[in-house]
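Trainee: My structure is below; once you've seen it, I'll send some questions.
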Amino acid sequence: MAFNQSFTQYLGSLDYAINNKDGRKLGQLLSIKDSHIQNPSLKQREDVLQHYICQRFAPPYIDLIADHIKVVAAIHHYDPRHTFDAQLGLLQSFSRVLQSHKDENWAISTMYLLISELTALAFKVYHYTKGKSTDVLEKSAEALMSCFRICAGDSRSSLETSKKWGMLGIVNNLFKIYFKLNKLHLCKPLTRAINSATIKDEFLKSHIVTYRYYVGRKAMFDSQFKEADENLSFAFNHCHTASRKNKRLILMYLLPVKMMIGYIPSNRLLSKYRLTQFLEIASAVKIGNLLKFKEAVEKHEKFLIRCGVYLMLERLKILIYRNLFKKVFLLMRVHQLPISAFVVALRSMQEEDIDADEVECILANLIYTGYVRGYISHQHQKLVVSKQNPFPVPSQVSLR
Amino acid sequence: MEGELLEGKCLFMCPLSEQTRRQQQNRLSVFEILPNATSRISSRLLAHEIKAVKEYARPAAGKAIDLNLIRPIDVLLKTIRYLIKSVANRQDKPWAAIYSFVSNRIRAIKQDLTIQRCKGNKAILVLELATRFYLCSELKMVDAPVEEFDPILNKEQLLDAIYKLLELYIDDTANCSNQAEFESYNMLYNLDTEGIKVRAMLMNTYFRESVIFQHALRICKAAWQKNYVRFFKLISKSSYLCKCAVLRHIYRIRREAIQTMNIAYGNRASRFPIEKLAQILQFKECSLAEEFSSAYGIEVTCNQLTFTKKPLIAFQDRRFNTIASTDDDISISAIIAPG
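Heads up: the protein sequence lines correspond to chains B and V, in order. The working numbering puts the first residue of the first sequence at 1, with every later residue one more than the last. The working numbering puts the first residue of the second sequence at 1, with every later residue one more than the last.
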């Protein structure tokens, strides 16, 4: 809508979009990013505008448009919280519109826009209050869930006109919120719903990529590294090459997972996606240098915490021990290795307060998890490794 | 949007109407009566204001709140201080009886706190004392039978207190001088829950200089990395309350340790001294370590364990939750209300 159009003309465009079942256009006309927001004719008194709306539209569209006007008013008051509350109201009116549509699904494109803007506003308020107002996130999730139920419950319509196609877009937004709230357990019922949908492989590609990204991140959190690898790799490979930013984001999580399985990323890959922070980390893991690893992690701590992989990296320590101890084995060339040799190796990494008991404990964990094949003899203070493949390739080890 | 802030009007530790009622029903606690009272009637009069404490009662649905029965924050603080200094510290009564009385009365205090939606530094003090009390109880009652100590109820009350407390610290005007301490207890207590690691990392950015927090974080990291040797070593150097906070994980970590050792040391010729196990896993006595191992089906002969990789039997026994380095003769009130 042009900046200088009258309110009647704005309503005309809305009417046109609705009659032509143009979901995208309707979304644009209800978007807070569109230029119509700045149009002075929308700043008239609410009751005046309401009069015009009621003249032209029937319920449930009256509330929809009136609520959008409320959003516009809140924006002009520069109040993020009120804008959020108004947008929430708008989404609730929209749900009623959506519900009133029988055997048609053109409004789901409108829905994607409204929920994405609601989520963005919620995040804005949340950051503005430094994480205190979790209620905006929770309220958004509730509103999204009711849209989800409308879509998921649309079983009567034919596939072409079903609202089920909207499910995945909503789920991805919900994931975003749950990750922010650190309530990952709430993701489970959603993944179950999507996995049991018959159309699960036919959703929009971009939706599927985003979905697999979140599923992969959740798996990473649950230490299910194979599952994390599958999903994050899929997301990375199918993510549009033009979306550099998204590819980088996926890679940030895929990298530690791959390292956990035993693959070290190439310098080329890391440079291409500007993730050279991982260079030092990856190389430290590969050569089993615990000191370098700790230094690298400390150096990039802020970055790593911000993207949420810091904790994941702690899990790599066991691989570092494995690589370091394998070096000791290769140097000494015997199958009965004295525990003291490992103590020396670790002390050289500035682990000054480490003693034989702790080294035995680390070795015990390596054996238990399958990274080392052998046993410990406490009374002889030796690690006795198997003559066959004592240090199996990490990618072959099934992670517990 | 906010409900009007209610302020209680009862200036006694126990509302007078309740004192009279319980007096008549003969339901005063031994802690609420003066000693050496020959006649119950005359001693009851003196029990007013000094010793009677409002007891916990389930809120009746639909009943309006009577502000005359609710104690304002100053009285709540005074009450909990009294309970800690004058009741919890008593040597002449078994801890089970003390626990039963004090935990009930603290529950009532929390109830009054919630109804009035108290915030601010006094509320913080009340909840800090309550949390420390519940923590101490975890350790002191570790061997108690379920009739005397319900671990699920204690956990529920502890978590309720600590979550409310952590919320109060968020306020800009709050006195957060003890926040590091309580974030540590929260982290240790909830060591194995989802989401605690994320919170730990976040808190780490605020409490980098805090000795107690960093120590607690090292304990947690040792647990997360399955480094049982370091875990128990660090615990032996911890404060009494930190030990209380981490207590409920001891059993599980010992079990995981012995499972790991069973595989890693599993060899017909391999022998592992029982004293070493007792030292590493911080058992109070070698005999306990021996019992623990035998209960899992691990053979013990001449003070040596034989690990055979055979799958272990599973069971849970609360005796195996005790830690070697805990002093039993410490002043409880000094722990809970230092200074």
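From the three backbone atoms N, C-alpha and C, an ideal C-beta is built for every residue, glycine too.
How big is the Cα-Cα spacing for residue 306 (chain V) and residue 377 (chain B)?
Mentor: Residue 306 (chain V) sits at position 306 when you count from the first residue of the second sequence. Residue 377 (chain B) sits at position 377 when you count from the first residue of the first sequence. If you take the alpha carbons of residue 306 (chain V) and residue 377 (chain B), they lie about 11 Å apart.
Trainee: Just checking, does the segment 121 to 129 of chain V make contact with the segment 69 to 89 of chain V on the three C-beta pairs under 8 Å criterion?
Mentor: Flag = yes, the segment 121 to 129 of chain V and the segment 69 to 89 of chain V touch.
Trainee: Could you work out which residue in V:176, V:65, V:137, V:229 is closest to residue 335 (chain V) when comparing CA atoms only?
Mentor: Translated into positions along the second sequence, residue 335 (chain V) becomes position 335. Looking at the Cα atoms, V:137 is the closest of the given residues.
Trainee: Pick helix, strand or coil for residue 304 (chain V), following the three-state DSSP scheme.
Mentor: Counting from one through the second sequence, the residue named residue 304 (chain V) turns up at place 304. Reduced to three states, the DSSP call for residue 304 (chain V) is strand.
Trainee: Looking only at C-alpha atoms, which of B:160, B:137, B:162, B:115 sits nearest to residue 125 (chain B)?
Mentor: Position 125 of the first sequence, counted from the start, is the residue given in the question as residue 125 (chain B). Considering only alpha carbons, the answer is B:137.
Trainee: Compute the Euclidean distance between the alpha carbons of residue 309 (chain V) and residue 283 (chain V), then round it to the nearest angstrom.
Mentor: Position 309 of the second sequence, counting from 1, holds the residue named residue 309 (chain V). Position 283 of the second sequence, counting from 1, holds the residue named residue 283 (chain V). About 23 Å.
Trainee: For chain V, find out if any of its Cβ atoms is closer than 8 Å to the Cβ of residue 65 (chain B); answer yes or no.
Mentor: Indexing the first sequence from 1 puts residue 65 (chain B) at position 65. Output row for residue 65 (chain B): interface = no.
Trainee: If the cut is a Cβ gap below 7 Å, which residues of chain B does residue 201 (chain V) touch?
Mentor: Sequence index remark: in the second sequence, residue 201 (chain V) carries index 201 (1-based). Residues of chain B passing the Cβ test: 305, 310, 311.
Trainee: Among B:359, B:256, B:52, which has the Cα closest to the Cα of residue 346 (chain B)?
Mentor: Mapped onto the first sequence, residue 346 (chain B) falls at position 346. Closest option to residue 346 (chain B), Cα to Cα, is B:359.
Trainee: Can you name the residues of chain V whose CB is closer than 7 Å to the CB of residue 182 (chain B)?
Mentor: If you number the first sequence from 1, residue 182 (chain B) lands on position 182. Neighbours of residue 182 (chain B) on chain V, chain order: 195, 198.
Trainee: Thinking C-alpha only, which one of B:189, B:90, B:164, B:182 is nearest residue 200 (chain B)?
Mentor: Here residue 200 (chain B) is taken as the residue at index 200 of the first sequence, counted from 1. Out of B:189, B:90, B:164, B:182, B:164 has the C-alpha closest to the C-alpha of residue 200 (chain B).
Trainee: Select from the segment 219 to 230 of chain V all residues with a C-beta closer than 9 Å to any C-beta belonging to chain B, and list them in chain order.
Mentor: Of all residues in the segment 219 to 230 of chain V, 221, 224, 225, 226, 227, 228, 229, 230 have a Cβ within less than 9 Å of some Cβ in chain B.
Trainee: Would a C-beta distance cut-off of 8 Å place residue 13 (chain B) and residue 29 (chain B) closer than the cut-off?
Mentor: Taking the first residue of the first sequence as position 1, residue 13 (chain B) is located at position 13. Taking the first residue of the first sequence as position 1, residue 29 (chain B) is located at position 29. A contact, by the Cβ cut-off of 8 Å.
Trainee: Hey, which unbroken runs of the beta strand (DSSP E) at 3 residues or more fall wholly within the segment 246 to 326 of chain B?
Mentor: If we require 3 residues or more, the segment 246 to 326 of chain B turns out to have no beta strand (DSSP E) run fully inside it.
Trainee: For residue 261 (chain V), return the contacting residues in chain B, with the cut-off set at a CB-CB distance below 8 Å.
Mentor: Start at 1 with the first residue of the second sequence, and residue 261 (chain V) comes out as number 261. Result: 364.
Trainee: Can you find a C-beta in chain V that's less than 8 Å from the C-beta of residue 335 (chain B)?
Mentor: Here the question's residue 335 (chain B) lines up with position 335 in the first sequence. Not one chain V Cβ lies under 8 Å of residue 335 (chain B).
Trainee: Answer with yes or no whether the minimum CB distance from residue 271 (chain V) to chain B is below 8 Å.
Mentor: For the purposes of this step, residue 271 (chain V) is taken as the residue at position 271 of the second sequence. At least one chain B Cβ lies under 8 Å of residue 271 (chain V).
Trainee: Does the segment 249 to 256 of chain V come close enough to the segment 348 to 358 of chain B that 3 or more CB-CB pairs lie under 8 Å?
Mentor: They do not touch, by the three-pair rule.
Trainee: List, in chain order, every chain V residue whose beta-carbon is nearer than 8 Å to that of residue 54 (chain B).
Mentor: Within the first sequence, residue 54 (chain B) is the residue found at index 54, counting from 1. Chain V residues near residue 54 (chain B): none, gap ~30 Å exceeds 8 Å.
Trainee: Report yes if the C-beta distance between residue 235 (chain B) and residue 268 (chain B) is below 8 Å; otherwise report no.
Mentor: Mapped onto the first sequence, residue 235 (chain B) falls at position 235. Mapped onto the first sequence, residue 268 (chain B) falls at position 268. No. Outside cutoff.
Trainee: Check whether the segment 90 to 107 of chain V touches the segment 365 to 385 of chain B, taking contact to mean three or more Cβ pairs, one atom from each stretch, closer than 8 Å.
Mentor: Touching, no, given that fewer than three Cβ pairs across the two stretches are closer than 8 Å.
Trainee: Classify residue 61 (chain V): buried if its beta carbon has 16 or more other beta carbons within 10 angstroms, exposed otherwise.
Mentor: In the second sequence, the residue the question calls residue 61 (chain V) occupies position 61. Classification for residue 61 (chain V): exposed.
Trainee: Just checking: is the beta-carbon of residue 96 (chain V) within a distance shorter than 8 Å of some beta-carbon in chain B?
Mentor: To locate residue 96 (chain V), count along the second sequence from 1; it is residue 96. Judged by the 8 Å Cβ criterion, residue 96 (chain V) is not in contact with chain B.
Trainee: Residue ranges of each alpha helix (DSSP H) run of no fewer than 4 residues wholly in the segment 36 to 110 of chain V, ordered along the chain?
Mentor: DSSP runs (the alpha helix (DSSP H)) wholly in the segment 36 to 110 of chain V: 40 to 47, 73 to 82.
Trainee: Which complete alpha helix (DSSP H) runs does the segment 3 to 38 of chain V hold, if anything under 4 residues is left out?
Mentor: Counting only runs of 4 or more, we get 16 to 24.
Trainee: What is the rounded straight-line gap between the Cα of residue 85 (chain V) and the Cα of residue 178 (chain V)?
Mentor: Position 85 of the second sequence, counted from the start, is the residue given in the question as residue 85 (chain V). Position 178 of the second sequence, counted from the start, is the residue given in the question as residue 178 (chain V). Approximately 20 Å between the Cα atoms of the pair.
Trainee: I'd like the ranges of any beta strand (DSSP E) spanning at least 3 consecutive residues and lying wholly in the segment 75 to 159 of chain B.
Mentor: Fully enclosed beta strand (DSSP E) runs of 3 or longer: not present.
Trainee: Do residue 398 (chain B) and residue 370 (chain B) have their C-beta atoms within less than 8 Å of each other?
Mentor: Your numbering for residue 398 (chain B) matches position 398 in the first sequence. Your numbering for residue 370 (chain B) matches position 370 in the first sequence. Yes, the Cβ-Cβ distance between residue 398 (chain B) and residue 370 (chain B) is below 8 Å.
Trainee: What residue range does the beta strand (DSSP E) around residue 336 (chain B) cover?
Mentor: On the first sequence, residue 336 (chain B) is found 336 positions in, with the first residue counted as 1. Counting along the chain, the beta strand (DSSP E) containing residue 336 (chain B) begins and ends at 336 to 338.
Trainee: Mind reading off the beta-carbon distance from residue 52 (chain V) to residue 13 (chain V)? Whole number of angstroms is fine, and I expect it under 8 Å.
Mentor: The sequence position of residue 52 (chain V) within the second sequence is 52, counting from 1. The sequence position of residue 13 (chain V) within the second sequence is 13, counting from 1. Contact flag correct, Cβ pair sits at about 6 Å.
Trainee: Measuring only between beta-carbons, confirm whether residue 332 (chain V) sits less than 8 Å from chain B.
Mentor: As a first step, residue 332 (chain V) must be located in the second sequence, where it is residue number 332. Residue 332 (chain V) does not count as touching chain B.
Trainee: Would you be able to state if there are at least three C-beta pairs under 8 Å between the segment 326 to 333 of chain B and the segment 219 to 239 of chain V?
Mentor: Not touching, per the Cβ criterion.
Trainee: At 7 Å on the CB atoms, spell out the chain V contacts of residue 281 (chain B), in chain order.
Mentor: Numbered from its first residue, the first sequence carries residue 281 (chain B) at position 281. Within 7 Å Cβ-Cβ: nothing; residue 281 (chain B) doesn't reach chain V, min ~17 Å.
Trainee: For the candidate residues B:133, B:87, B:64, whose alpha-carbon lies nearest to that of residue 116 (chain B)?
Mentor: Along the first sequence, one-based indexing puts residue 116 (chain B) at 116. That would be B:87, whose Cα lies nearest to the Cα of residue 116 (chain B).
Trainee: Is any beta-carbon of chain B found at less than 8 Å from that of residue 120 (chain V)?
Mentor: As a working note, residue 120 (chain V) is residue 120 in the second sequence. By this cut-off, residue 120 (chain V) is not an interface position.
Trainee: Are the beta-carbon atoms belonging to residue 110 (chain B) and residue 140 (chain B) less than 8 Å from one another?
Mentor: Looking up residue 110 (chain B) in the first sequence gives position 110. Looking up residue 140 (chain B) in the first sequence gives position 140. Going by C-beta atoms, residue 110 (chain B) is not nearer than 8 Å to residue 140 (chain B).
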